[in-house]
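Visitor:
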Amino acid sequence: MEEVVMNTLDWQTALANLLAFLPLVIVSLLIFVFSFYLAGLASRGVKRVLERRKVDKELAILFSQITRWALVVLGITLALEQVGFDLTAFLTGLGILGFTVGFALQDVSKNFIAGVLLLLEQPFDLGDTIEVGGILGKVAKVDVRATELYTPDGQNVIIPNGEIFTSAITNYTRYPRRRVELSVGVGYESDLEQVRAVALGALAGLPALLDDPAPQVVFNNFGESSIDFTLYFWVDLSQTSYLAALDAAVVRIKTAFERAGINIPYPVRTIEIVKPDSLS
């Protein structure tokens, strides 16, 4: 009889505990389900925002998935806490593991974080012509580890994002105004004001030439065989290229100088051989 009573009490205790625990389970399940729902909304939102900003498709997918799983993990953590699961030891171990892995992969982590920051700041877009770390090229690809540039001489250069983020970046596409410098030498017999007028006149009608700032001739050196000057002028790189503008300027200057009779000298060395007196 006592055994039956004890079994009845055990069953009642278990039922009471279950009923007391059931609300926590329900709350935990609701948190779990809501976290998945919220993760889906946030993931799609991040992807849409990145696509509107013309971010690479693979990057948009990657960051949308990171957002999704970060919220899912957060939801699972909160759900487990509701049912009394002690996460302290688990999170401590996870933190130690994360620190160890992060230290071992610090270069990868640095490039990844730099890639995220570059994505947020957007100092350049795909197709832009940039110069970074002394390397000039068109942006062909951007991912979370590195950026790929296609240089004017046909080389593909892959630069880690960490190096790009800590280097000076010149974006020639975003700011297409570019100053071109052309150094020329004329003979010492030349009329320098005539040289200035002819040089500036030769640039008239140059494709993509900008009137402001105006072209300028600066005489800057007495060379061995010439008086040297630098011709400064600005062009719009959205209409031409730097090399094309420089090439056109050289051709126009040479043609104009030939017509005006202005000499462009080249170095000449005169060697005098002195014959010693005959021995007596």
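In the working numbering, the protein residues as written are 32 to 311.
We treat Cβ as the ideally placed atom computed from N, Cα and C, and that holds for glycine.
Less than 8 Å separating the beta-carbons of residue 217 and residue 258?
Guide: Going by C-beta atoms, residue 217 is nearer than 8 Å to residue 258.
Visitor: Using only the heavy atoms of the ligand FMN, determine whether one of them is closer than 7 Å to the beta carbon of residue 62.
Guide: As presented, the structure is devoid of all ligands, the ligand FMN included, so that no description of it is given.
Visitor: Is the CB-CB distance between residue 25 and residue 168 below 8 Å?
Guide: Because the chain in this structure spans residues 32 to 311, residue 25 falls outside the shown range and cannot be described.
Visitor: Just the Cα atoms here: how many angstroms apart are residue 197 and residue 273?
Guide: Distance between the alpha carbons of residue 197 and residue 273: 26 Å.
Visitor: Short of 8 Å in beta carbon distance, which residues of its chain neighbour residue 241, apart from the five on each side in sequence? Order them along the chain.
Guide: If we look at residue 241 and ignore the five residues flanking it on each side, its Cβ neighbours are 208, 264, 265, 266, 267.
Visitor: Figure out for me which residue from 162, 147, 160, 194 has the closest Cα to the Cα of residue 174.
Guide: Of 162, 147, 160, 194, the residue nearest in Cα terms is 147.
Visitor: Suppose contacts are defined by Cβ-Cβ distances below 8 Å. Is residue 297 in contact with residue 269 by that definition?
Guide: Not a contact, by the Cβ cut-off of 8 Å.
Visitor: Name the one or two DSSP bridge partners that residue 177 has.
Guide: In the DSSP output, where bridge partners are listed per residue, residue 177 has 191.
Visitor: Is it the case that the region 232 to 247 contacts the region 186 to 201, given that we only count it when at least three CB pairs across the two stretches are under 8 Å?
Guide: No, because fewer than three Cβ pairs between the region 186 to 201 and the region 232 to 247 fall closer than 8 Å, the two stretches do not touch.
Visitor: Could you tell me which of 76, 99, 80 sits nearest to residue 65, measuring between CA atoms?
Guide: Taking only the C-alpha atoms, the option nearest residue 65 is 99.
Visitor: In the DSSP assignment, what residue or residues form a beta bridge with residue 212?
Guide: Its beta-bridge partners are 263.
Visitor: Helix, strand or coil: how does DSSP classify residue 234 here?
Guide: Of the three classes helix, strand and coil, the one that applies to residue 234 here is coil, per DSSP.
Visitor: Can residue 96 and residue 58 be called in contact, C-beta distance under 8 Å?
Guide: Result no, Cβ atoms of residue 96 and residue 58 do not sit closer than 8 Å.
Visitor: Alpha carbon to alpha carbon, how far is residue 109 from residue 160? Give it in angstroms, no decimals.
Guide: Near 47 Å, if we compare the C-alpha coordinates of residue 109 and residue 160.
Visitor: Given a cut-off of 8 Å, decide if residue 163 and residue 190 are closer than it, judged by their beta-carbon atoms.
Guide: Yes, the Cβ-Cβ distance between residue 190 and residue 163 is below 8 Å.
Visitor: Please report the straight-line C-alpha distance between residue 227 and residue 254, rounded to a whole angstrom.
Guide: Approximately 17 Å, taken between the alpha carbons.
Visitor: In the DSSP assignment, find the unbroken beta strand (DSSP E) run with residue 155 in it and report its ends.
Guide: No beta strand (DSSP E) contains residue 155, which DSSP labels as neither H nor E.
Visitor: Is residue 252 buried or exposed, if buried means 16 or more other CB atoms sit within 10 Å of its CB?
Guide: It counts as exposed.
Visitor: If you draw a straight line from the alpha carbon of residue 176 to that of residue 141, how long is it in whole angstroms?
Guide: If I take the Cα positions, the gap works out to 9 Å.
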